[in-house]
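In the numbering used here, the protein residues as written are 281 to 696.
Every residue gets a Cβ at the ideal spot worked out from N, C-alpha and C, and that includes glycine.
Following: one structure in structure tokens, then a few remarks.
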Amino acid sequence: MQISIRHACVDPDDQPFDVAERKGVGHPDSLADLVADAFSQRYSSWCLREFGAIPNHWVDKVNLVGAAADVRFGGFDILKPADCYLFGKITDQVGDTQVPVEDIFRAVVLDILPTALGDYRILEHLRLHINNTRGTAVDHDPRFYRPDEALDINAVLATESVANDTVVCVGTGRRGLAADLAIRLERRLTSEGFRQVVPGAGTDVKVMVVRIGSALEVTAAVPFHPELVGSWTTYRTALAEAQSTVSAELKSLLDQDPRSRTVTGLSLHLNTKDVPGRGYLAPFGTSLGKGDCGAVGRGNRYSGAIEPLRPASGEAPAGKNAVHHAGKIYTALAAEAAERVLAETSVYAEVTIAARNGGQLDDPAHVLVSVDREVDAATVAEIEEAVRRTVAGAATFASRFLAAEPLARFRNGVPL
Numbered sequence: 281m282q283i284s285i286r287h288a289c290v291d292p293d294d295q296p297f298d299v300a301e302r303k304g305v306g307h308p309d310s311l312a313d314l315v316a317d318a319f320s321q322r323y324s325s326w327c328l329r330e331f332g333a334i335p336n337h338w339v340d341k342v343n344l345v346g347a348a349a350d351v352r353f354g355g356f357d358i359l360k361p362a363d364c365y366l367f368g369k370i371t372d373q374v375g376d377t378q379v380p381v382e383d384i385f386r387a388v389v390l391d392i393l394p395t396a397l398g399d400y401r402i403l404e405h406l407r408l409h410i411n412n413t414r415g416t417a418v419d420h421d422p423r424f425y426r427p428d429e430a431l432d433i434n435a436v437l438a439t440e441s442v443a444n445d446t447v448v449c450v451g452t453g454r455r456g457l458a459a460d461l462a463i464r465l466e467r468r469l470t471s472e473g474f475r476q477v478v479p480g481a482g483t484d485v486k487v488m489v490v491r492i493g494s495a496l497e498v499t500a501a502v503p504f505h506p507e508l509v510g511s512w513t514t515y516r517t518a519l520a521e522a523q524s525t526v527s528a529e530l531k532s533l534l535d536q537d538p539r540s541r542t543v544t545g546l547s548l549h550l551n552t553k554d555v556p557g558r559g560y561l562a563p564f565g566t567s568l569g570k571g572d573c574g575a576v577g578r579g580n581r582y583s584g585a586i587e588p589l590r591p592a593s594g595e596a597p598a599g600k601n602a603v604h605h606a607g608k609i610y611t612a613l614a615a616e617a618a619e620r621v622l623a624e625t626s627v628y629a630e631v632t633i634a635a636r637n638g639g640q641l642d643d644p645a646h647v648l649v650s651v652d653r654e655v656d657a658a659t660v661a662e663i664e665e666a667v668r669r670t671v672a673g674a675a676t677f678a679s680r681f682l683a684a685e686p687l688a689r690f691r692n693g694v695p696l
């Protein structure tokens, strides 16, 4: 592992401007990520109990296809159900023991969707599909996806617990104020408490925060359940209540963050696409209920927000196998390494891990550490040590993944 450390980045809050976006827990892309990770977690846990090991699997291609609907003030009609697709390679049998893939998938969807939406009715308009593409190939032991007995799982993993792909993964020492504010505001807007104040609100919200100098501009889209909003006038009244509540929430959140002391301006915009007679109505509180689709990897980044001015990779961690899928493991370890550097040296860092297919998980080819200042030799040594300690934990990542409930992790905006 070659570690390179250079002064090559800027702390996000020292930039002249910043922007961040947070997709809400009810957004179709968020739901796809949650279903994929929850399936992988429950599948892994079931197999650990049954076989003492986690068989090979990956389901990082979950797709949600929206329902076709006629939506109006006061109600809606579903013309075609929504569909949830589980795509990927899944070990579905070990010897004579069948893994209940369909049951696990169904249980995950029946848990995640109504909990995230606060609305169980979507389950009445939902179809589930599984397309398992597992097979054999000469680049793996034949037992990789077809173990003859439980002992075969660990026997295969003893030689094949290596990076499954060539990847580049990036993590940052912390989020900027814009991203933190977007995450915290989304959490408030999708909470049960907010729905008590604004009863018609759904959870497919989107929050964007732009910081230019010391001024913040917040834009949020808040859906309303059509059956709870009988007219344009009622909708506007509900939106005004939401505006007042969100404004108060924003001020409360800023008061809690020391970085906001320098903020000199704050503006808030809700449902900016509205025109008289047309508003953001969504069956079940999500655009999935009116034709929008969701896919793994299109939602929030691993940090919990989308920060386009920060470095990022194209990896989609949700649904990847936590034992040896490099895109999942190194995404987490890059973030952990950057956070550890900041905690131990007070230096903001952006860590990039470049790993080769087949490499040892605790020994990726390169770790590139960008820091926000020139550092002396002693600090360089501290940074290198922090990186090495973090990467050495690759083998324990799966146990950490299994211990973290995906929906709670999403709501808290906290990585593994």
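Residue i: CB within 7 Å of a non-hydrogen atom of the ligand MG
i, result
"residue 388", "With respect to the ligand MG, the structure offers nothing, as it holds no ligand at all."
Beta-bridge partners of residue i, as assigned by DSSP
i, result
"residue 717", "An answer regarding residue 717 cannot be provided, because it is not within the stretch 281 to 696 covered by the chain."
"residue 338", "369"
"residue 289", "For residue 289, which the question treats as bridged, DSSP gives no partner whatsoever."
"residue 384", "The partner list for residue 384 (beta bridge, DSSP) is empty, contrary to what the question assumes."
"residue 318", "Partner(s): none; residue 318 has no beta bridge."
"residue 298", "491"
"residue 504", "481, 561"
"residue 498", "489, 548"
"residue 374", "377"
"residue 284", "648"
"residue 410", "366"
"residue 343", "365, 575"
"residue 355", "352"
Rounded Cβ spacing between residue i and residue j (contact assumed at less than 8 Å)
i, j, result
"residue 453", "residue 621", "6 Å"
"residue 463", "residue 687", "Incorrect: roughly 15 Å between the Cβ atoms, too far for contact."
"residue 353", "residue 480", "So it is not a contact: roughly 11 Å between Cβ atoms."
"residue 299", "residue 589", "7 Å"
"residue 243", "residue 633", "The structure shown has nothing for residue 243, since the chain only spans 281 to 696."
"residue 598", "residue 451", "Not a contact, Cβ separation roughly 16 Å."
"residue 457", "residue 540", "7 Å"
"residue 361", "residue 314", "Contact doesn't hold; Cβ gap of about 19 Å is too wide."
"residue 574", "residue 394", "Residue 574 to residue 394, Cβ: 16 Å. No contact."
"residue 591", "residue 619", "Wrong, their Cβ atoms sit about 15 Å apart, outside the cutoff."
"residue 623", "residue 677", "Not a contact, Cβ separation roughly 19 Å."
"residue 343", "residue 312", "6 Å"
"residue 585", "residue 301", "7 Å"
"residue 682", "residue 324", "6 Å"
"residue 645", "residue 610", "11 Å between Cβ atoms; not a contact."
"residue 564", "residue 408", "That belief does not hold up - the Cβ atoms of residue 564 and residue 408 are roughly 16 Å apart, past 8 Å."
Buried/exposed call for residue i, threshold 16 Cβ in 10 Å
i, result
"residue 422", "exposed"
"residue 438", "exposed"
"residue 356", "buried"
"residue 580", "buried"
"residue 517", "exposed"
"residue 411", "exposed"
"residue 549", "exposed"
"residue 428", "exposed"
"residue 399", "buried"
"residue 641", "buried"
"residue 666", "buried"
"residue 292", "buried"
"residue 378", "exposed"
"residue 467", "buried"
"residue 288", "exposed"
"residue 553", "exposed"
"residue 350", "exposed"
"residue 685", "exposed"
"residue 316", "buried"
Contact with chain D by residue i, beta-carbon distance below 8 Å
i, result
"residue 477", "Within the model displayed, chain D is absent; a lone protein chain is all it includes."
Below 8 Å, can you find three or more Cβ-Cβ pairs linking the segment 377-395 to the segment 414-421?
no
Can you confirm whether the segment 522-530 touches the segment 433-446 when touching is taken to mean that 3 or more C-beta pairs between the two stretches lie within less than 8 Å?
no
So, do the segment 584-603 and the segment 553-570 have three or more beta carbon pairs nearer to each other than 8 Å?
no
Is the segment 485-492 touching the segment 640-655, taking contact as three or more C-beta pairs under 8 Å?
no
Entirely within the segment 529-614 and at least 3 residues each: give me those beta strand (DSSP E) ranges in chain order.
545-550
Segments assigned beta strand (DSSP E), at least 3 residues, entirely inside the segment 608-687
629-635, 646-651
Runs of alpha helix (DSSP H) wholly within the segment 439-492 (minimum 4 residues, chain order):
457-469, 472-477
Can we say the segment 320-338 touches the segment 367-380, given the rule of at least three CB pairs closer than 8 Å?
yes
Looking at C-beta atoms only, is the number of pairs between the segment 495-511 and the segment 553-562 that lie closer than 8 Å three or more?
yes
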